[in-house]
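J.: Under our numbering, the first residue of the sequence shown carries the number 644, and numbering increases by one thereafter. Below you will find the structure I want to go over with you.
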Amino acid sequence: MRVEHRTARTTEFVVTTIPEEYELLFDAATVEHAVDQIAVRIALELTDALPVFVCIMNGGLPFMWDLTKRLNFPLAMDFLYATRYGGMEGGEVQIHTRPRTNLRDRNVVLVDDVIDHGVTMQAIVNEFKGDAAAVWTAVLVDKSEQSISGDCRTLEPDFVALTAPTRFLIGRGMDLDGLYRNLPGIYARVV
């Protein structure tokens, strides 16, 4: 399937190839509006907190950039690498690289693209909650059904931009074997 998207700043078309087994769930305009809304909620809560926004790489990068450029208050940014997914199969949480910023007594906002069961996010929260003054979580997409396998969710995010069904998603940071993170919309695997 080939999908044409108009870019925001030009009249040129960007042609993107989407795997045939995926369908559009949220177009770029819907995602942008949702990021605007979550930015307002975060600003109301954290304007005076001097927070450190910590991006969970690689998936959280597009959302982190979209979110933080909308926040008009002082904040720091850092990154960490944690993995749980390989293709479409789950695995154990591994934290590979911690932020370089000293998070002791800081207000930390963990930013990621998607939350399923919350296992990855909970493991990262546990890493920082002893040192940080407070830890918040912000995700672009919260999968509405708590579990694919029947397990209970381990963590509910503090800030959520969009809610989606428990289908495999690509675009806006979410990938299929490392590809499609750069799609302007969010696509779901057809069931």
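All C-beta atoms in this analysis are idealised placements derived from N, C-alpha and C, irrespective of residue type, glycine included. Bear in mind that the values here come from a model prediction, so they are computed numbers and not experimental data.
1) By Cβ distance below 7 angstroms, which residues in the same chain neighbour THR709 in space, the five residues on each side in sequence not counted?
2) Flag this pair as touching only if the segment 799-812 and the segment 775-787 have three or more C-beta atom pairs under 8 angstroms; answer yes or no.
3) When you compare the segment 661-670 with the segment 824-834, are there three or more beta-carbon pairs, one atom per stretch, that lie closer than 8 angstroms?
4) Secondary structure at THR780, three-state DSSP: helix, strand or coil?
5) Exposed or buried, ARG743, counting other C-beta atoms within 10 Å across all chains shown (16 or more means buried)?
6) Considering only DSSP beta bridges, list what LYS712 is partnered with.
7) When the Cα atoms are used, what is the spatial distance from VAL695 to PHE706?
8) Taking 6 angstroms as the limit between beta carbons, can you name the residues of its chain near VAL593, skipping five residues before and five after?
9) Could you tell me the distance, in whole angstroms, from the CA atom of ILE661 to the CA atom of PRO827?
10) Output the boundary residues of the beta strand (DSSP E) element that contains THR617.
11) Which one of ASP756, THR797, ALA692 has the shortest CA to CA distance from GLY816?
12) Where do the N-terminal and C-terminal ends of the alpha helix (DSSP H) with THR763 fall, by residue?
T.: Quick look at the numbers:
1) Stepping through the sequence shown from its first residue, residue 709 is reached at position 66. The sequence as given places Asp at residue 709; Thr does not occur at that position. In chain order, VAL678 place their CB closer than 7 angstroms to the CB of ASP709, counting only its own chain and leaving out the 5 sequence neighbours on each side.
2) They touch, by the three-pair rule.
3) Enough Cβ pairs lie closer than 8 angstroms, so yes.
4) Walking along the sequence shown from the start, residue 780 turns up at place 137. Assigned with DSSP and collapsed to three states, THR780 falls in strand.
5) Indexing the sequence shown from 1 puts residue 743 at position 100. Sixteen is the threshold: since fewer than 16 other Cβ atoms of the shown chains lie within 10 Å of the Cβ of ARG743, the residue is exposed.
6) Residue mapping note: residue 712 aligns to position 69 of the sequence shown, counting from 1. Answer is none; LYS712 lacks a bridge partner.
7) Taking the first residue of the sequence shown as position 1, residue 695 is located at position 52. Taking the first residue of the sequence shown as position 1, residue 706 is located at position 63. Going from the Cα of VAL695 to the Cα of PHE706 covers about 15 angstroms.
8) Outside the shown range of the chain, which is 644 to 834, sits residue 593, and nothing can be said about it.
9) Within the sequence shown, numbered from 1, the residue matching residue 661 stands at position 18. Within the sequence shown, numbered from 1, the residue matching residue 827 stands at position 184. Taking the CA atoms as reference points, ILE661 sits about 12 angstroms from PRO827.
10) The first residue shown for the chain is 644 and the last is 834, placing residue 617 beyond what the model contains.
11) The sequence position of residue 816 within the sequence shown is 173, counting from 1. The option with the nearest alpha carbon to GLY816 is ASP756.
12) In the sequence shown, residue 763 corresponds to position 120, counting from 1. Membership of THR763 in the alpha helix (DSSP H) is indicated by the continuous run 762-771.
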